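Asks:
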Amino acid sequence: MKQQIPNTFRQKLLARETVIGTWLSTASPMLAEVAGVCGYDWLLLDGEHAPNDIPTLTAQLQAINSSSSAAIGRPPVNDQTLIKQYLDIGFYNLLIPFIESGEEAEYAVAATRYPPAGVRGVAGMTRASSYGTEADYFKQVNDHIGVILQIESRAGVEAVEDIVAVDGVDAIFIGPSDLSAAYGYLGQPQHPEVQEAIAHVHKVVAAAGKATGILAVVPDEAAVYIRQGFSFVGVGVDLSVYKNALISLRGRF
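So for the sequence shown, my numbering puts the first residue at 60; every next one is plus one.
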């Protein structure tokens, strides 16, 4: 597999460089491979809202292995066993959903580090270490795992200062759809109250010197977030792009 030490994507995240990416939710290695040649800074392989499991995620990682895009894995839940599996198949960057406290943030970070820095289980023959052929993998990898935590609830917004202060948290990602639902405006992420919560999270994260991310599939909205200083921005979802292209093509005839 492609060597990811140093993790250049994480370095860009820590430097708050603008990195643009898209969601992969089809569970298709071929479509993942297509996305990989399109030049995005990152591609998120979704295990929360897509029909993905460890074997399908592994196949997609293999498909984009030679691309310049960084792979980000989103497990369905903040679970140390699942996080261990994601890391063992070769993810160096994780987006962990639904974080609501500093304690949950600490739990997530600990799952990504080998002892004594964390609790990640040790296995010698994993894809992550090129099946045991990377001699220095265990010595180096703790310093090269990117951890992005997702805030998408009222409790998460209220705890953002505690969450972002946890050592090992590299960025905060805002889930606008779930956040709008949490504030009583399902399907209305542009509602002023939701936007106020988003702005608050971004202000706190920026003050902590860390990157803020968001998913914004409307180009004009994505541009606004980038101007506001959001540096980790998702601008598309593969299924939506595919659907819209098919509808547009059919409409022409």
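Ideal placement from N, C-alpha and C gives every residue a C-beta, glycine not left out.
The model shown is predicted, which means the values in this text are computed figures rather than measured ones.
With a CB to CB cut of under 6 angstroms and the five nearest residues on each side skipped, what residues in its chain are close to Pro88?
Replies: On the sequence shown, position 29 is the one that residue 88 refers to. Cβ within range, chain order: Ala118, Gln119, Ala122.
Asks: Kindly provide the ranges of any alpha helix (DSSP H) runs that are 4 or more residues long and lie completely inside the region 185 to 254, ordered along the chain.
Replies: 196 to 199, 213 to 217, 219 to 223, 235 to 241
Asks: Near Asp100, what residues of its chain come up, given a Cβ to Cβ distance below 6 angstroms and the 5 sequence neighbours on each side ignored?
Replies: Counted from its first residue, the sequence shown places residue 100 at position 41. Around Asp100: Val78, Ile79, Gly80.
Asks: Can you tell me whether DSSP reads Arg140 as helix, strand or coil?
Replies: The residue you call residue 140 lines up with position 81 of the sequence shown. The sequence shown places Thr at residue 140, rather than the Arg named in the question. Secondary structure of Thr140 (DSSP, three-state): helix.
Asks: Hey, quick one: how far does the alpha helix (DSSP H) through Ile113 stretch, first residue to last?
Replies: For the purposes of this step, residue 113 is taken as the residue at position 54 of the sequence shown. It spans 113 to 122 - the alpha helix (DSSP H) in which Ile113 sits, taken as one unbroken run.
Asks: Going residue by residue through the region 263 to 296, where are the continuous alpha helix (DSSP H) segments of at least 4 residues, counting only ones entirely within it?
Replies: Restricted to the region 263 to 296, the alpha helix (DSSP H) segments that are unbroken, complete and at least 4 residues in length are 278 to 287, listed in chain order.
Asks: Quick one: any contact between the region 216 to 231 and the region 188 to 196, if contact means 3 or more CB pairs under 8 angstroms?
Replies: no
Asks: Using CA coordinates, which residue listed in Pro174, Pro156, Ala130, Ala129 is at the minimum distance from Leu141?
Replies: By one-based count along the sequence shown, residue 141 stands at place 82. For Leu141, the nearest C-alpha among the options comes from Pro156.
Asks: In angstroms, rounded to a whole number, what distance separates the CA positions of Val223 and Ala169?
Replies: Taking the sequence shown and counting its residues from 1, one reaches residue 223 at position 164. Taking the sequence shown and counting its residues from 1, one reaches residue 169 at position 110. Rounded to the nearest angstrom, the two C-alpha atoms are 15 angstroms apart.
Asks: Among residues of its own chain, excluding the 5 on either side of Gly106, which ones have a beta-carbon nearer than 7 angstroms to its beta-carbon?
Replies: For the purposes of this step, residue 106 is identified with residue 47 of the sequence shown, where counting begins at 1. If we look at Gly106 and ignore the five residues flanking it on each side, its Cβ neighbours are Leu116, Gly132, Arg133, Pro134, Pro135.
Asks: If you follow the alpha helix (DSSP H) that Gly98 is part of, which residue opens it and which one closes it?
Replies: As a working mapping, residue 98 is identified with position 39 in the sequence shown. Per DSSP, Gly98 belongs to no alpha helix (DSSP H) and is neither H nor E.
Asks: Whether or not the region 200 to 215 and the region 228 to 235 are in contact is what I'm after, with contact meaning three or more pairs of Cβ atoms, one per stretch, closer than 8 angstroms; do they touch?
Replies: yes
Asks: Cα separation between Glu165 and Ser307?
Replies: Translated into positions along the sequence shown, residue 165 becomes position 106. Translated into positions along the sequence shown, residue 307 becomes position 248. Going from the Cα of Glu165 to the Cα of Ser307 covers about 46 angstroms.
Asks: Give me the Cβ distance between Thr171 and Leu146, rounded to the nearest whole Å; I'm assuming they're in contact under 8 angstroms.
Replies: Numbered from 1 along the sequence shown, position 112 holds the residue referred to as residue 171. Numbered from 1 along the sequence shown, position 87 holds the residue referred to as residue 146. Between Leu146 and Thr171 the Cβ distance is about 6 angstroms, and since that is below 8 angstroms, they are a contact.
Asks: By how many angstroms is the C-alpha of Lys302 removed from the C-alpha of Glu163?
Replies: Working through the sequence shown from its first residue, we reach residue 163 at position 104. Working through the sequence shown from its first residue, we reach residue 302 at position 243. Answer to the nearest angstrom: the Cα atoms are 36 angstroms apart.
Asks: CB-CB under 7 angstroms to Ala256, same chain, minus the five flanking residues each way: which ones, in chain order?
Replies: Mapped onto the sequence shown, residue 256 falls at position 197. Excluding residues within five positions, the ones whose Cβ falls inside 7 angstroms are Val216, Leu238, Tyr242.
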